[in-house]
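Numbering (our numbering), first residue to last: 456 to 903.
Shown next as structure tokens:
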């Protein structure tokens with residue numbers, strides 16, 4: 456967004472810029488409208504040498520906040536993108552007023568022999584003199600080559616500016632627009648003119664650029680300005696494995712880069728902490744998984760085949776799994792029990808939960824054991840009962856609400872902090888489109 460200022464003192468137009476106008480612009484208004492090149496963007500980059508480095512005709516990454524020690528020189532680039540798009544003419548002249556905090560930095564040098572010279576053209580530097588320490592400084596230049604010279608198109612660096620830090624604190628670096636006399640009309644603002652005398656990025660016919668501007672901030676001896684410590688744990692956000700939750704020791708049990716205080720799966724076993732806690736397994740032990748009916752002690756509590764439900768309403772979800780015939784053999788392992796009534800006894804049945812339509816719940820026991828749902832039950836009793844894998848919110852219906860929950864774990868694999876076994880329907884250690892496809896045929900259906 457363009458910053459508009461009302462100047463409290465007269466801001467004169469640099470004499471060199473008047474010379475640029477005389478040499479380069481002429482008296483004609485050009486054949487292009489005021490909206491020529493309206494998709495152009497301009498801005499400031501505080502680290503022009505970062506790999507890949509900026510050049511006259513190419514731009515690397517853009518850094519808009521930088522901490523610089525007191526008394527040190529630094530450079531920043533004034534860049535432009537999109538010149539000449541869709542056949543529009545190239546850049547001929549620019550003038551950009553840059554404001555700064557004079558108590559923090561001063562401008563000491565500028566080089567405009569970049570974008571405007573990239574085609575081998577001759578350029579006149581119309582920038583304000585340096586050093587400049589009054590808080591407002593213009594960088595300006597004009598291509599004064601003869602008519603017919605190659606045009607300057609594309610993206611790149613218009614000017615490389617050198618500055619010096621002179622005091623501790625913060626200094627915004629803004630490309631500004633000034634209403635000098637308070638009459639609501641801009642007098643000094645970003646100005647870009649093309650090779651056909653059109654006003655680049657001017658959408659309101661005042662000759663000035665109205666498009667997007669990327670501005671910046673310099674911090675001097677103030678590292679938290681650009682790298683804040685939002686949670687106050689003395690670890691700057693840029694290095695903090697839980698930037699929004701205090702974690703001063705940076706504890707990370709599963710070494711996944713997500714600190715324990717903000718990690719949804721502290722032990723990295725694929726089951727989220729809330730799911731493990733609800734089903735009485737230990738969320739801080741990778742050896743303690745969700746207990747399923749398979750003859751093993753999955754949650755490492757010395758008891759085998761609890762089913763994660765609270766049958767006796769004691770508030771604990773570690774009750775013994777169902778034993779329909781009372782022979783002390785859990786139903787999932789009992790050769791005399793056929794839970795779904797399909798004629799195949801549970802130990803030999805790859806999908807032995809209660810019938811749903813004619814196809815059970817469409818998830819095998821292996822898949823249900825992986826995601827942590829009840830392989831003997833096809834429909835949830837309540838919102839805490841994980842029974843039907845596709846019913847991810849345990850509402851007894853499969854609908855868009857269940858699909859939406861895939862947003863965070865989608866395209867994650869075991870080891871990724873966002874991975875969640877509950878959504879890995881195929882037991883492949885990766886949540887992907889193959890899991891979402893499992894909704895086919897059962898979306899907008901319910902169970903009882």
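Yeah, the Cβ is synthetic: ideal placement off N, Cα and C, and Gly gets one too.
Next on the checklist: In this structure, how does DSSP classify residue 617 when only helix, strand and coil are distinguished?
Outcome noted: What you label residue 617 is simply residue 162 of the chain shown in a count that begins at 1. If DSSP states are grouped into helix, strand and coil, residue 617 belongs with the strands.
Next on the checklist: Only counting the same chain, and skipping five residues up and downstream in sequence, which positions put a Cβ closer than 6 angstroms to that of residue 750?
Outcome noted: Residue mapping note: residue 750 aligns to position 295 of the chain shown, counting from 1. Cβ within range, chain order: 788.
Checklist entry - Is it true that the stretch 603-611 meets the stretch 568-580, where meeting means three or more beta-carbon pairs spaced less than 8 angstroms apart? => result yes
Item to check | Cβ neighbour criterion (16 or more within 10 Å) applied to residue 489 | outcome: Mapped onto the chain shown, residue 489 falls at position 34. Bear in mind that a pLDDT of 49 at residue 489, under 50, signals an unreliable position, so the model cannot answer this.
Checklist entry - Given 8 angstroms as the limit, is there contact between the stretch 585-602 and the stretch 492-509, that is, 3 or more CB pairs closer than that? => result no
Checklist entry - Who are the near neighbours of residue 888 in its chain, counting only those whose CB is closer than 7 angstroms to its CB and skipping five residues on each side? => result For the purposes of this step, residue 888 is identified with residue 433 of the chain shown, where counting begins at 1. Closer than 7 angstroms at the Cβ level, and outside the excluded window around residue 888, lies no residue.
Item to check | Assigned exposure category for residue 679 - 16 Cβ within 10 Å defines buried | outcome: Start at 1 with the first residue of the chain shown, and residue 679 comes out as number 224. Around the beta carbon of residue 679, fewer than 16 other beta carbons sit within 10 angstroms, so the residue counts as exposed.
Item to check | From 583, 546 and 837, residue whose alpha carbon lies closest to that of residue 563 | outcome: The residue you call residue 563 lines up with position 108 of the chain shown. Residue 563 has its Cα closest to that of 583, out of 583, 546 and 837.
Checklist entry - Expressed to the nearest angstrom, what Euclidean distance is found between the alpha-carbon atoms of residue 508 and residue 818? => result Locating residue 508 in the chain shown gives position 53, counting from the first residue. Locating residue 818 in the chain shown gives position 363, counting from the first residue. The straight-line gap from Cα to Cα measures roughly 53 angstroms.
Next on the checklist: If you follow the alpha helix (DSSP H) that residue 679 is in, where does it begin and where does it stop?
Outcome noted: On the chain shown, residue 679 is found 224 positions in, with the first residue counted as 1. That run of the alpha helix (DSSP H) goes 678-681.
Item to check | Beta-carbon contacts of residue 821 that lie in its chain and below 8 angstroms, excluding the five residues immediately before and after | outcome: Reading the chain shown from its first residue, position 366 is the one you call residue 821. Closer than 8 angstroms at the Cβ level, and outside the excluded window around residue 821, lie 805 and 882.
Next on the checklist: For residue 696, count the other beta carbons within 10 Å of its own beta carbon; 16 or more makes it buried, fewer makes it exposed. Which is it?
Outcome noted: Taking the chain shown and counting its residues from 1, the one referred to as residue 696 is at position 241. Counting C-beta atoms within 10 angstroms of its own C-beta, residue 696 has 16 or more neighbours from the protein chains shown and is therefore classed as buried.
Next on the checklist: Can you look up residue 843 in the DSSP assignment and give me helix, strand or coil?
Outcome noted: Here the question's residue 843 lines up with position 388 in the chain shown. In this structure, residue 843 counts as coil in the three-state DSSP scheme.
Item to check | Extent of the continuous alpha helix (DSSP H) run through residue 733 | outcome: Here residue 733 corresponds to residue number 278 of the chain shown, with the count starting at 1. From DSSP, the alpha helix (DSSP H) with residue 733 extends over 728-733.
Next on the checklist: Using only the alpha-carbon positions, how far apart do residue 737 and residue 799 sit?
Outcome noted: Here the question's residue 737 lines up with position 282 in the chain shown. Here the question's residue 799 lines up with position 344 in the chain shown. Roughly 35 angstroms between the two C-alpha positions.
Checklist entry - Looking at the unbroken beta strand (DSSP E) that takes in residue 856, where does it start and where does it end? => result As a working note, residue 856 is residue 401 in the chain shown. Not the beta strand (DSSP E): residue 856 falls in the alpha helix (DSSP H), residues 855-859.
Checklist entry - CA-CA distance, residue 870 and residue 537? => result In the chain shown, counting from the first residue as 1, residue 870 sits at position 415. In the chain shown, counting from the first residue as 1, residue 537 sits at position 82. Those two C-alpha atoms are separated by around 41 angstroms.
Checklist entry - Is DSSP giving residue 571 helix, strand or coil here? => result Numbered from 1 along the chain shown, position 116 holds the residue referred to as residue 571. DSSP places residue 571 in helix when its eight states are reduced to three.
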